[in-house]
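Presented below is the structure to which this report refers.
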Amino acid sequence: MYHFKGLIASAFATALLSSTTPALADFWSDAAKGLEGTTIRGISESTPPSNYAKDVLGPAFTKATGIKVEFEATSWDQMYDKAIKDMEANTGIYDFVYIEQDIIYSYLARNFLVDITADLNESPNLKSPTFDISKFTSFVDNFKNDKGNLFGVPMEAFIKVYLYRKDLFNDPKVKEAYKAKYGADLAPAKDHKEYRQIAEFFTEWGKSSGGELWGTTVQAASGHPASVYEVVESVFPTYGIYNWGIDAKTYGASVANGGRLNSPEAKAALAWWIGNLAYAPPESTSSTWDEIAATFAAGRAAQGLVYGENAAWIATDDKKSTVVGKVGVALPPVEPGVIEQATSGQGYIGYYDGGAFGIPHSSKNKKAALLWLQYIGQESVQADWALAGSRITHNATYDDPKVKEQDKKVDGYYTLMREKGPLFRGAPPFPFHNQVREAIAPFIYQAITGELKPDEALDKAAAAADAELKNLGYRK
Amino acid sequence: MSDRAEKTEGRRHGFLPIETNAFDRVFIAVLLFVALHLFWMRFVEAALPLGVATVLSLVLGAIIVMRG
Amino acid sequence: MRSSSVGWLFLAPTLLILFVFGVLPFLYVLVIGFTQWNSFAADPEMRFTGADNFRRLVFDDQFLYSLWLTLKFAFFAVVSEIVLGYFLAQAFMRDFPGKGFFRTIHTLPLVIAPIAVGATWRLLTVPGLGPLPYYLNRWFGYEFNISRYIDQAFFTTVVMDVWHWTPLVTLTLLAALSSLPKEPFEQAQIDGANRFQIFWHITLPLLKPAILATVFIRMMDALRTVDEVWMLTGGGPGAATRYIGLHIWRVVFPKTDYGYGSAMSLITLYLTIVLCWMLYAGLVARRDLKRAD
Amino acid sequence: MRHLRNKASASLGAILFWLISSIVTLLPIYWMFVVSARSRVQLFGSPSFLITSFFTENYTSTVSDPAFQRYMVNSIVIATANAVLVTTLALFATYALSRYKLPGKENLFFWTITNRMAPPAVFLLPLFLLYTQVFVVADVRLFDTKIGLILLYCVFNLPFAIWTLRGMIDAIPKELDEAAFVDGANTWQVLTKVILPLAKPGLAVTGILTWVFAWNEYLFAATLTSVHARTITTGLAEFVTVTGTNWGRMAATAMLTLVPALLVLGLAQRHIVAGLTFGAVKE
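Chains as they are written, first to last, in the numbering used here: chain A, 1 to 476; chain B, 477 to 544; chain C, 545 to 837; chain D, 838 to 1120.
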């Protein structure tokens, strides 16, 4: 993964530097007094940010405190299964778990997590002077309850952005051909019509030039939740459908029950998205979040919505990407009026996604885990972590010279995230996130294969979501 | 089988198409019990309560165990 | 006849392990199957609901479709494996140069982990990356995309299963063929029977127990396939390869619907046992008939 | 297969047949190897079966990864211990089923195999509870231990082993052990001196297949282990992540897992045919 050896070396250097600062060294070893030799175990998905925490931050933390950190890095599905089983059964196997932003409400509803703010207030000797919640970006708010108490320390955060091939968009020949055909200048799409037009143009252009190029990526894995997420997280909001089309008060999904999951706008959104498949490379129907990134990195698509965590490696890592230096970053295309709604706070244009580490209530080493979470939440470890995993959770990280350097290479992704971040929002505060996703997923899959027309699919999905919510007891 | 006399011990041929011992007959009765209930829930329960199926399958089970 | 207590002693460790790791979990699932229990329901506590889960299940289209699909999958896979395995076993009965080498090659798929098999076939079939869609399109103009066309996906999972498990069938039938007595065949040849007659009247009846036993083992395993298909298609496209093992997995884990998922498992286990028992009764009955002679 | 005119063309046909069927069998494995020899950048585009350059990093970074080494050792230990345990217990069990008068033993025989029929997903939950909460001595749990997996794999391997061995043991003439008893041997001696040598091919096959099943198992290993007892198959799934499936590394790992499996297979290849009878009784 990446240029890990170099990273580890430089990270160790920072760790050493920080441990030579007397106040810090004193705090960590003082606070950990009596906890030396304890082992804390956590579970996370094996992503670059997690691997950095495992390979670099963990050992550094052990050095500072004497507390050992064991990391179980596993697949996305397994991570959920095991964390939930552990907390449900109160077994205490894990002392910290990865909390994806959208599952936090489910966990909070079950009181699965330790209240970090309250626990730190109770034992002030554990509170690190270098851990300050106010230094985090607004993303941290997703992990607070209504009283403002913190339940997870953000470890990664990103937005799903619109990536386009700068080299193609700026190619005079291409520009000319586009203008000749559509009578408009070729520029990153601002709305869905333009997006479709560009997709169509590049697909034909790819065909005629004999290259392997298509107009757009579509995250349309026909048997994986990734496709459901692209619809409800990334496409619906740009059509003004928020919270998955489920009414946040009545928990109704279908129009008849006060929801908007099968509203005309939602149907238009799904139809547009399914329509994009005609201009997407053939692997799109098996593409999850990582595979659209691979498609884009292989230079097979001219534009697409790609998760920001991938933007950095697509734009900079020539071992994995053929489009280094050719990537442009912009906001996703939207329907008229949606940006205004997002600016005023009524809506949003996409998900502000990411995750945090939290402590399960069942943990038997809460003190050690609290120290660990504060350790990874320190200002000083953020910049290198950001380089390793293209994730930013602290405001100050944006100003770090190394991050600024990388920002240039990724066409200002970090700047965009900093400035336009407020237009994006976390997942709706539903405690039934996975359950409803699984209920509607089969119909989205069938829309992808063409077994169902988009409007039929959404009618059925809305009915299934309503039934599931009733069955779960949220809808009376 | 090594011992042929032993094999047929406790086995008999009732009205079931195969030779069975006591375990087999209980097993068949249990299988039928479940099958009948599932069938009932799908097709008959709207008209007749599930209890009827239970009684029916218990009777049927008893017959199989004793005479099968 | 020696004392049966020694016999029980020999069986004891096996029975103990099967009881603790097989029966205890089963009893747990049996109880949960009659409850409503979902960690993230409005009421997350386990509640006894009688036969309600089963009432819902017998009308659950997705579940029934998945069951039907699994049977279809097991049927096509096992039948192809038996036919193909028989021909390969027959071919291995002759002597030819390099026999040991070819036999090793034909045993290879057996030792690959199902999850790696799924990954391998995914690599073969993903458009843009795999050679299958590329060459099928280039040579025959055929659009092969198992993430879009449901029939292709189903067919590919069957082929994958056949590729993975035919070696086991080949080896079993080869073992059975090598232990067949020679005399009936010699006699038949003297009598001037043709190949088909020999196969139909002598080979097949003699092989029947071995074939039934192989069908039994293979069917049982095919009905609970999860890893390979999960890796290859994730159950898609649509619900085209959402076999019952995978369906249950999605209900129990991402959906955390433990009660309903347990009920599903119980019905699936029940159907598997019924199917296998009928096969088994066929095996035993055949043996008993012979014995009665 | 077909009636052929003369011997020369017959053997030519046979060789052609074997070559083609071998290519079909090997194709997926070969493709896995090709992928393992390519970097991520080389993967997309028009696929070629030729390996023009060998991207060794997939292999070097896998082999030097301490997690991979640990997983590999765990897998070898677990699969081998399970194979030995299962084969031994199955020998005892089949001997008892074959030679002793036990009421309902045919039913018992069938019951053992039903343990292999359950759809695995839902049984993970009770097993997880058993492993984390019930089997706990002081602070030691069965969860994330090798012994935990070794015992669990017995549940689906023992029935299979009993089924494979049954025919073998039944086929050993009972007169042989009776004669030994007359000579004053005890049960243990009969089992080890008479039955064991004769059942060797069957035991070898049972051992190999059990080993392979244990080596290949994924779902249970993924759920019931965490850090210390993780196996190589769970390691394979770790390459599928949000930020990209590392196909090259995954293929390289898969190729490497083939090596021990091939060794085991090679060791006992010649026993396989003699020993596979699957409960089918030779009359």
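Here a beta-carbon is modelled for each residue, glycine too, at the ideal position from N, C-alpha and C.
Return helix, strand or coil for residue i, following the three-state DSSP convention.
| i | result |
| --- | --- |
| residue 150/A | strand |
| residue 144/A | strand |
| residue 97/A | strand |
| residue 480/A | Outside the displayed range of chain A (1 to 476) lies residue 480/A, so it cannot be described from this structure. |
| residue 526/B | helix |
| residue 670/C | coil |
| residue 18/A | Caution is warranted here: a pLDDT of 49 is assigned to residue 18/A, below 50, making its placement in the model unreliable, and the coordinate value is therefore given only provisionally. In this structure, residue 18/A counts as helix in the three-state DSSP scheme. |
| residue 394/A | strand |
| residue 692/C | coil |
| residue 841/D | The predicted model places residue 841/D with a pLDDT of 43, which falls under 50 and marks its position as unreliable; any figure quoted below should be read in that light. Of the three classes helix, strand and coil, the one that applies to residue 841/D here is coil, per DSSP. |
| residue 253/A | coil |
| residue 1055/D | coil |
| residue 850/D | helix |
Does residue i get closer than 8 Å to chain C when you measure Cβ to Cβ?
| i | result |
| --- | --- |
| residue 1055/D | yes |
| residue 523/B | no |
| residue 510/B | yes |
| residue 223/A | yes |
| residue 438/A | yes |
| residue 1091/D | yes |
| residue 463/A | no |
Could you tell me whether any Cβ in chain A is nearer than 8 Å to the Cβ of residue i?
| i | result |
| --- | --- |
| residue 601/C | no |
| residue 806/C | no |
| residue 1059/D | yes |
| residue 1106/D | no |
| residue 998/D | no |
Looking at residue j and residue i, is the spacing between their C-beta atoms short of 8 Å?
| i | j | result |
| --- | --- | --- |
| residue 892/D | residue 1085/D | yes |
| residue 445/A | residue 677/C | no |
| residue 651/C | residue 711/C | yes |
| residue 84/A | residue 35/A | no |
| residue 990/D | residue 1054/D | yes |
| residue 269/A | residue 235/A | yes |
| residue 355/A | residue 156/A | yes |
| residue 160/A | residue 277/A | no |
| residue 606/C | residue 783/C | yes |
| residue 139/A | residue 124/A | no |
| residue 959/D | residue 806/C | yes |
For the beta strand (DSSP E) holding residue i, just list the boundary residues, first then last.
| i | result |
| --- | --- |
| residue 358/A | 352-358 |
| residue 682/C | Not the beta strand (DSSP E): residue 682/C falls in the alpha helix (DSSP H), residues 675-684. |
| residue 960/D | Segment 957-966 is the alpha helix (DSSP H) holding residue 960/D; no beta strand (DSSP E) there. |
| residue 44/A | 39-45 |
| residue 71/A | 68-74 |
The alpha helix (DSSP H) that contains residue i, what's its start and end?
| i | result |
| --- | --- |
| residue 731/C | 727-734 |
| residue 275/A | 264-276 |
| residue 880/D | 877-880 |
| residue 424/A | Counting along the chain, residue 424/A falls outside any alpha helix (DSSP H), and DSSP gives it neither H nor E. |
When you compare the CB of residue i with every CB in chain D, is at least one pair closer than 8 Å?
| i | result |
| --- | --- |
| residue 566/C | yes |
| residue 703/C | no |
| residue 41/A | yes |
Just checking: is the beta-carbon of residue i within a distance shorter than 8 Å of some beta-carbon in chain E?
| i | result |
| --- | --- |
| residue 692/C | Any reference to chain E falls outside this structure, whose protein chains are A, B, C and D. |
* To do: Check distances from the C-beta atoms of the stretch 933-967 of chain D to those of chain B and list, in chain order, the residues that come in under 8 Å.
  => 935, 936, 938, 940, 941, 943, 944
* Residues from the stretch 496-507 of chain B in contact with chain C, defined by Cβ distance under 7 Å -> 507
* To do: Below 7 Å between beta carbons is the criterion; list the residues of the stretch 448-461 of chain A that meet it against any residue of chain C, in chain order.
  => 448, 449, 451
* Asked: In chain order, what residues of the stretch 287-299 of chain A put their CB closer than 9 Å to some CB of chain C?
  -> 287, 288, 291, 294, 295, 298
* Mind checking the stretch 862-880 of chain D against chain C and listing, in chain order, the residues whose C-beta falls within less than 7 Å of any C-beta there? => 862, 863, 865, 866, 868, 869, 872, 880
* Asked: Taking a cut of 9 Å between CB atoms, which residues from the stretch 301-323 of chain A lie near chain C?
  -> none
* Asked: Using a beta-carbon distance cut-off of less than 8 Å, what residues from the stretch 58-91 of chain A approach chain D?
  -> 70, 71, 72, 73, 74, 75, 76, 78, 81, 82, 85, 86, 89, 91
* Short-range partners of chain B found in the stretch 795-827 of chain C, where Cβ spacing is below 8 Å -> 811, 814, 817, 818, 821, 825
* Asked: Mind listing which residues of the stretch 907-936 of chain D have their C-beta closer than 8 Å to chain C's C-betas, in chain order?
  -> 926, 927, 929, 930, 932, 933, 934, 936
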